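When you read off a place in the sequence shown, starting at 1, and then add 1492, the result is the number in my numbering. Report on one structure; see the data block that follows.
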Amino acid sequence: MPPGKLKGKSLSLSLKGRVALITGAASGIGRAHAVLMAERGADVIINDVAAEGLEETASLAEPSGGQIELMLYDVSEVSGMTRRIQAAEQKFGKIDILVNNAGVSGQRLYFGNIDEVTYDSMVDINLKGSFFAAQAVVPGMKDRRYGKIINTSSMYALGGNSVAAHYSAAKSAISGLTHSLARELAEWNIMVNAVAPGFVLTGMTSAGRDEAAIVARTERIPLGRMADPMDIAQTVAFLASDEADFITGQVISPNGGERIVGI
Ligand SMILES: NC(=O)c1ccc[n+]([C@@H]2O[C@H](COP(=O)([O-])OP(=O)(O)OC[C@H]3O[C@@H](n4cnc5c(N)ncnc54)[C@H](O)[C@@H]3O)[C@@H](O)[C@H]2O)c1
């Protein structure tokens, strides 16, 4: 076997020339994705249902100098979403990177209290939205023989959650989707991975928790701190970069050591 070239590609974390679509980018982790990807040179198309937050994200990403497109739509409404994604692809000429980040949390509900409407909304936003956003971008990615799709699972898909069975189920399904798309799309050089964040302090996790609850929650994390949204964004930007070109079908969990197999 000939040895490898033993030479890294320079600037391989750069996203210059790439176009990234990030869903749920009006706050929290999605905002960090948008700011970091813009900083690394990508043009970013940012989606959310929250117009004001989206404007704020755009103002944070703007200093990087790339193009920014705001797209207000609900990821669980498939036909409207597909039309908007196709229009954005026409405008930018391509979509290289899709970050399926939009999501809603488990609302700390016990199994018996999760009604059908709550269940449907959970699955529609977290799973159906990711599934059909990928379906909308894949034809163009196949034509160009290049694409990176990064889905958002959760640490709670790895070990379950006693007060969010619908959330854990939807996020576990994200792993199945990721594994299957990675296999099906590899021959077109489309890489599909997922990030499964641990505890990140955002609007989603701070709701209903006081200071003492957050301290107690943090004490369960071996690294002794909760994640900053940027911790997750850096993992995702790496997966989106050329440095991760041999990684597909993986679910990577930045969780401060909270889920170490065998701990
Ligand atoms: N915060 C955490 O600890 C944590 C841990 C694991 C996974 N996650 C996942 O990370 C992702 C981001 O979460 P976050 O913590 O930044 O929460 P967040 O609530 O700050 O952000 C979620 C964003 O998604 C948007 N959104 C919700 N429904 C939408 C819809 N139908 N269409 C378009 N946008 C929609 C919201 O408006 C919001 O801006 C989610 O998928 C979440 O499940 C978060």
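A virtual CB, placed ideally from N, CA and C, is assigned to each residue, including glycine. None of these values were measured; they are calculated from a predicted model.
Every alpha helix (DSSP H) of 4 residues or more that sits fully in the stretch 1625 to 1675 is shown, in chain order, as 1647 to 1651. In the structure shown, the three-state DSSP call for D1737 is coil.
M1563 is bridged by DSSP to N1539. Collapsing the DSSP output to three states places M1718 in coil. Cβ-Cβ separation between F1691 and M1718: approximately 5 Å, consistent with a contact (criterion under 8 Å). Straight through space, the alpha carbons of D1723 and Y1659 are spaced by roughly 22 Å.
In the same chain as L1673, and ignoring 5 residues on each side of it, the C-beta atoms closer than 7 Å to its own belong to A1626, I1641, V1684, in chain order. Under the DSSP assignment, A1512 falls in the beta strand (DSSP E) whose first and last residues are 1511 to 1514.
Distance from R1532 to L1505 at the Cβ level is roughly 6 Å; contact confirmed, criterion being Cβ atoms closer than 8 Å. Between I1589 and R1675, the gap from beta carbon to beta carbon reaches 9 Å or more. The beta carbon of S1622 lies closer than 7 Å to those of N1592, N1643, I1666, L1669 in the same chain, with the five residues before and after it left out. The beta carbon of M1614 sits closer than 7 Å to the beta carbons of V1596, H1658, Y1659, A1662 from its chain, once the five residues preceding and following it are set aside; these are given in chain order. A1550 and A1517 have their alpha carbons spaced roughly 9 Å apart. Not one heavy atom of ligand 1 lies closer than 8 Å to the C-beta of M1722. The C-beta distance from T1740 to A1699 rounds to 34 Å, too long to meet the 8 Å contact threshold.
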